[in-house]
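Student:
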Amino acid sequence: MVDKIVSIVDFFLEHKLLLTVLIVMLISVIKRFIISSIRGDVAFLSDVQRKWMSRTKNGTFILILVILFMLWQSEVSKFALSVTAIAIALVIASKEIILCFTGSIQRASSRSFVIGDWIEVGKIYGEVIEHNLMATVIQEIDLDQGQYHYTGKTATLPNSMFFTYAVKNLNFMKRYVYHNITITVVEFVNLYKLFPELTRQIEDHCEDFIEVAKRYNGVIEKHAGVDLPGSEPHIHITSGINGEQNVHIMIFCPTERAIQLEQLIREDFMVAYHQQFG
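Residue numbers (the UniProt record's numbering): 1 to 278.
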């Protein structure tokens, strides 16, 4: 029995390519089984599930690299000696890959975001659903247009982008957001006398969540260490290049209700404007 095992081991050591294929296939099957167990039968993945799925993928990838390096160590050493003359060329050719690896290290060391966070990289906004040594995958969100819904698009960002663009963590916006509304009025009239009643109407719209908003605003201020605008509505006017008046309204509200509240506030303003100025 022992002799058979020894002969089998010797056979695979002599045929390393076959052993490599078997190891990769075995680890891949185990990875699929673990990921399937983590996912279960749910339609939508939770942040915890996504984190464990990402850890499983990264762990199996690193395990494969370690096993293959140990298995092919002698060949790798001989190959390394034979390509010393072209080592600089290889480094230049693999610059982007090296940047991706170092970008992953930079992300992990700075803890700029984790799976489930909303981030902004350049002009791309989204929720992080996976990250590995080479890239970060996000589910795109339409923040650029002042919306807060998923577009259905998935963006894969190479980790080298973290050296080119600033990474902004927008995670607090998942629950509450400072939502800005701009209304343009062409006629030059005194709009300030509309504001007291408009402010009261906005407060009525926000009455059911205002206490929670105040507490959440305090939590954000404490975490950021800065004095942020309060949870009460803010209204001010600016002038455009053609003399039009731009009414700017900012509210602190639940993210999923921002667009609905904007439509109600716009309607209130239009009704008040029509009643006051005809």
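Every residue gets a Cβ at the ideal spot worked out from N, C-alpha and C, and that includes glycine. The structure displayed is predicted, hence computed values, not measured ones.
Per DSSP, Ser110 is paired with what?
Tutor: In DSSP, Ser110 forms no bridge with anything.
Student: On the DSSP letters alone, give me the boundaries of the alpha helix (DSSP H) that Ile27 sits inside.
Tutor: Taken as a continuous stretch (DSSP letters only), the alpha helix (DSSP H) holding Ile27 covers 16 to 39.
Student: Helix, strand or coil for Met134, going by three-state DSSP, please let me know.
Tutor: DSSP places Met134 in coil when its eight states are reduced to three.
Student: Using 8 Å for Cβ pairs, my map puts Gln139 next to Tyr148. What's the rounded Cβ distance?
Tutor: At roughly 13 Å, the Cβ-Cβ gap does not stay under 8 Å, so Gln139 and Tyr148 are not in contact.
Student: Are the region 199 to 208 and the region 166 to 179 in contact at 8 Å, needing three or more beta carbon pairs?
Tutor: They do not touch, by the three-pair rule.
Student: Looking only at C-alpha atoms, which of Gly243, Gly126, Ser94, Ser112 sits nearest to Asp142?
Tutor: Considering only alpha carbons, the answer is Gly126.
Student: Run through DSSP, which three-state label would Cys100 get?
Tutor: In this structure, Cys100 counts as helix in the three-state DSSP scheme.
Student: In angstroms, rounded to a whole number, what distance separates the CA positions of Gly218 and Thr199?
Tutor: Approximately 22 Å, taken between the alpha carbons.
Student: Taking the alpha-carbon positions, what's the Asn242 to Val185 distance?
Tutor: Taking the straight line joining both Cα atoms gives about 11 Å.
Student: From what residue to what residue does the alpha helix (DSSP H) around Ser239 run?
Tutor: No alpha helix (DSSP H) holds Ser239; the beta strand (DSSP E) holding it covers 234 to 239.
Student: Does the beta-carbon distance from Ser160 to Leu99 come in below 8 Å?
Tutor: Taking 8 Å as the Cβ cut-off, Ser160 and Leu99 qualify as a contacting pair.
Student: Classify Thr156 as buried or exposed, calling it buried when 16 or more other Cβ atoms lie within 10 Å of its own Cβ.
Tutor: The residue is exposed, with fewer than 16 neighbouring Cβ atoms inside 10 Å.
Student: Measuring straight from C-alpha to C-alpha, what distance separates Val121 and Ala166?
Tutor: C-alpha separation (whole angstroms): 6 Å.
Student: Give the straight-line distance between the Cα atoms of Thr20 and Met70, rounded to the nearest whole angstrom.
Tutor: Thr20 and Met70: Cα-Cα distance of roughly 11 Å.
Student: Out of Cys253, Ala272, Phe101, Asp117, point me to the one whose CA is closest to Arg50's CA.
Tutor: Looking at the Cα atoms, Asp117 is the closest of the given residues.
Student: Can you tell me which of Ile237, Arg215, Thr60 puts its alpha carbon nearest to the alpha carbon of Asn33?
Tutor: What sits at residue 33 in the sequence shown is Phe, not Asn. With distances taken between Cα atoms, Phe33 lies closest to Thr60.
Student: What are the start and end residues of each continuous alpha helix (DSSP H) run of 4 or more residues lying completely inside the region 174 to 260, in chain order?
Tutor: The qualifying runs are 195 to 205, 210 to 224.
Student: Roughly how far, in whole angstroms, is the beta-carbon of Ile237 from the beta-carbon of Leu191, given that I think they are within contact range, below 8 Å?
Tutor: Confirmed, Cβ separation roughly 6 Å.
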